[in-house]
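Student: Once you've had a glance at the structure underneath, I'll fire off some questions.
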Amino acid sequence: SAACETGMSKLATARAAAGRGVSTIPTRVMRRGDYLADPDLVVSALARVADWPMIVKPEAGGSSVGVSVVASGPELRVALDDAFRLDATVLLQPLVVGQEVSVGVWSGADGMMRATGGSLLHLPDGETAFGYDHKYAGAGGWLEIPAAFPAQILAQLQSAALRIAGAVGVDGLSRIDFFVTAQGIVVNEINTMPGLRRESHFPRLVAAAGTSYDDLL
Numbered sequence: 001s002a003a004c005e006t007g008m009s010k011l012a013t014a015r016a017a018a019g020r021g022v023s024t025i026p027t028r029v030m031r032r033g034d035y036l037a038d039p040d041l042v043v044s045a046l047a048r049v050a051d052w053p054m055i056v057k058p059e060a061g062g063s064s065v066g067v068s069v070v071a072s073g074p075e076l077r078v079a080l081d082d083a084f085r086l087d088a089t090v091l092l093q094p095l096v097v098g099q100e101v102s103v104g105v106w107s108g109a110d111g112m113m114r115a116t117g118g119s120l121l122h123l124p125d126g127e128t129a130f131g132y133d134h135k136y137a138g139a140g141g142w143l144e145i146p147a148a149f150p151a152q153i154l155a156q157l158q159s160a161a162l163r164i165a166g167a168v169g170v171d172g173l174s175r176i177d178f179f180v181t182a183q184g185i186v187v188n189e190i191n192t193m194p195g196l197r198r199e200s201h202f203p204r205l206v207a208a209a210g211t212s213y214d215d216l217l
């Protein structure tokens, strides 16, 4: 669907979110052709102005595949090579310091869109980013569902989730990932087809909001 196409594009999602008044992560966009023209020059130029650490990620994709946290020029070169093998467009973003939070959005039998409470990611000590190995390879980290947020923060998260889902064109279900920082809420990305096993992230959010797995399906 059009919503899935938009949701797979991190840039399109960010534009949709910004259009609904939700803060997004400052992003530098790089094209494969510009990079391959002179990788050494590109990396050295970026390293001179970089605010380390930096996140490098393919523009379209999921499950944190091809996403790297880098803190030096040599690491940046490796990360860009890896990301450009997966996508012709790569995004560079500052590492956001804050709580990693997700909110589910779904439509009930009456067709009304609803927002769940929030989940809160807990990473092992000393780790700063949730990657593929945390999600699928048992590298640690766990989700607190539902997490206890101040009422004002939870209301802001739910409102932002519904606005983003509406802007993207979601009709059914999605999970929106945020950072809650000292400066406020920042959207990271949307998953327009989240996992639907009983123990998956999205069904657990919906169950905590009072709708059983069977009723969700």
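Just so you know, we're using the numbering used here here: the sequence shown kicks off at 1 and counts up by one. Where a beta carbon is used, it is the ideal one built from N, C-alpha and C, also for glycine.
Please check the pair residue 117 and residue 146, which I expect to be a contact at CB under 8 Å, by giving their CB distance rounded to whole angstroms.
Tutor: In the sequence shown, the residue the question calls residue 117 occupies position 117. In the sequence shown, the residue the question calls residue 146 occupies position 146. Right, their Cβ atoms sit about 4 Å apart.
Student: Give me, in chain order, the residues of the same chain whose beta-carbon lies closer than 8 Å to that of residue 230; leave out the 5 immediate sequence neighbours on both sides.
Tutor: Lying outside 1 to 217, the shown extent of the chain, residue 230 is not represented and no answer is given.
Student: One question on the structure: do residue 23 and residue 168 come within less than 8 Å of each other, judged by their Cβ atoms?
Tutor: Here the question's residue 23 lines up with position 23 in the sequence shown. Here the question's residue 168 lines up with position 168 in the sequence shown. Contact: no.
Student: Can the beta-carbon of residue 91 be found closer than 8 Å to that of residue 59?
Tutor: As a first step, residue 91 must be located in the sequence shown, where it is residue number 91. As a first step, residue 59 must be located in the sequence shown, where it is residue number 59. Going by C-beta atoms, residue 91 is nearer than 8 Å to residue 59.
Student: Whole-angstrom Cβ separation of residue 53 and residue 71, contact assumed at under 8 Å?
Tutor: For the purposes of this step, residue 53 is taken as residue 53 along the sequence shown, with counting starting at 1. For the purposes of this step, residue 71 is taken as residue 71 along the sequence shown, with counting starting at 1. Between residue 71 and residue 53 the Cβ distance is about 5 Å, and since that is below 8 Å, they are a contact.
Student: Would you report the Cα separation of residue 20 and residue 121, rounded to the nearest angstrom?
Tutor: Position 20 of the sequence shown, counting from 1, holds the residue named residue 20. Position 121 of the sequence shown, counting from 1, holds the residue named residue 121. The straight-line gap from Cα to Cα measures roughly 25 Å.
Student: Measuring only the C-alpha atoms, how far is residue 8 from residue 190?
Tutor: Indexing the sequence shown from 1 puts residue 8 at position 8. Indexing the sequence shown from 1 puts residue 190 at position 190. Residue 8 and residue 190: Cα-Cα distance of roughly 8 Å.
Student: Do residue 153 and residue 96 have their CB atoms nearer than 8 Å?
Tutor: One-based indexing of the sequence shown puts residue 153 at position 153. One-based indexing of the sequence shown puts residue 96 at position 96. No. Outside cutoff.
Student: In angstroms, rounded to a whole number, what distance separates the CA positions of residue 76 and residue 156?
Tutor: As a working note, residue 76 is residue 76 in the sequence shown. As a working note, residue 156 is residue 156 in the sequence shown. Rounded to the nearest whole angstrom, the CA to CA distance from residue 76 to residue 156 is 35 Å.
Student: From the DSSP output, in three-state form, read off residue 113 for me.
Tutor: By 1-based counting over the sequence shown, the position of residue 113 is 113. Note: residue 113 maps to strand in three-state DSSP.
Student: Between which two residues does the beta strand (DSSP E) holding residue 72 run?
Tutor: Here the question's residue 72 lines up with position 72 in the sequence shown. Where residue 72 is concerned, there is no enclosing beta strand (DSSP E), given that its DSSP letter is neither H nor E.
Student: Which value, in whole angstroms, describes the spacing of the CA atoms of residue 68 and residue 34?
Tutor: As a first step, residue 68 is located in the sequence shown; it is residue number 68 there, counting from the start. As a first step, residue 34 is located in the sequence shown; it is residue number 34 there, counting from the start. Spanning the alpha carbons of residue 68 and residue 34 requires a straight line of approximately 20 Å.
Student: DSSP three-state call for residue 25: helix, strand or coil?
Tutor: Translated into positions along the sequence shown, residue 25 becomes position 25. Reduced to three states, the DSSP call for residue 25 is coil.
Student: Between which two residues does the beta strand (DSSP E) holding residue 184 run?
Tutor: The residue given as residue 184 occupies position 184 in the sequence shown. Note, residue 184: beta strand (DSSP E), 184 to 191.
Student: Taking all protein chains shown into account, decide if residue 158 is buried (16 or more other Cβ within 10 angstroms of its Cβ) or exposed.
Tutor: Looking up residue 158 in the sequence shown gives position 158. It counts as buried.
Student: Any idea if residue 14 is buried or exposed, counting beta-carbon neighbours within 10 angstroms, 16 or more meaning buried?
Tutor: For this step, residue 14 is matched to residue 14 along the sequence shown. Classification for residue 14: buried.
Student: Can you give me the C-alpha to C-alpha distance between residue 130 and residue 37, rounded to a whole angstrom?
Tutor: Within the sequence shown, residue 130 is the residue found at index 130, counting from 1. Within the sequence shown, residue 37 is the residue found at index 37, counting from 1. Any reading at residue 130 is ruled out, since the residue's pLDDT is 49, under 50, leaving its predicted position unreliable.
Student: Any Cβ of chain D within less than 8 Å of the Cβ of residue 31?
Tutor: Although the question refers to chain D, the structure presented lacks it and comprises just one protein chain.
Student: Do you know offhand how far residue 180's Cα is from residue 206's?
Tutor: Counted from its first residue, the sequence shown places residue 180 at position 180. Counted from its first residue, the sequence shown places residue 206 at position 206. One C-alpha to the other measures close to 21 Å.
Student: Roughly how many angstroms separate the alpha carbons of residue 160 and residue 32, rounded to a whole number?
Tutor: Numbered from 1 along the sequence shown, position 160 holds the residue referred to as residue 160. Numbered from 1 along the sequence shown, position 32 holds the residue referred to as residue 32. Roughly 32 Å between the two C-alpha positions.
Student: In the DSSP assignment, what residue or residues form a beta bridge with residue 55?
Tutor: Locating residue 55 in the sequence shown gives position 55, counting from the first residue. DSSP lists 69 and 93 as partners of residue 55.
Student: Between the C-alpha atoms of residue 98 and residue 17, what's the straight-line distance to the nearest angstrom?
Tutor: Numbered from 1 along the sequence shown, position 98 holds the residue referred to as residue 98. Numbered from 1 along the sequence shown, position 17 holds the residue referred to as residue 17. Roughly 19 Å between the two C-alpha positions.
Student: Just the Cα atoms here: how many angstroms apart are residue 3 and residue 65?
Tutor: Stepping through the sequence shown from its first residue, residue 3 is reached at position 3. Stepping through the sequence shown from its first residue, residue 65 is reached at position 65. Going from the Cα of residue 3 to the Cα of residue 65 covers about 21 Å.
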